[in-house]
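K.L.:
Numbering-wise, numbering that gives the first Met the number 0 puts 6 at position 7 of the sequence shown, and it's gapless, one number per residue.
So that we are looking at the same thing, I have put the structure below in structure tokens.
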Amino acid sequence: MTSDKAGLERKFAAKERKRNKPGVVLCGSMDELCALAQLNPEIEAFY
């Protein structure tokens, strides 16, 4: 688990994961989700 960009970069490097793959991020609220993610109408309707 990671809590910042540097940690996420280390995780992607360790797994040799391409940077165009999505990363899993746990959010505590919809406001946090909106601040961190790129949302489209389908995703907004789901949540």
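From the three backbone atoms N, C-alpha and C, an ideal C-beta is built for every residue, glycine too.
Where does Asp30 fall in DSSP's three states?
P.N.:
helix
K.L.:
Tell me the rounded alpha-carbon separation between Asp3 and Gly22.
P.N.:
12 Å
K.L.:
By Cβ distance below 8 Å, which residues in the same chain neighbour Leu7 in space, the five residues on each side in sequence not counted?
P.N.:
Thr1, Gly22
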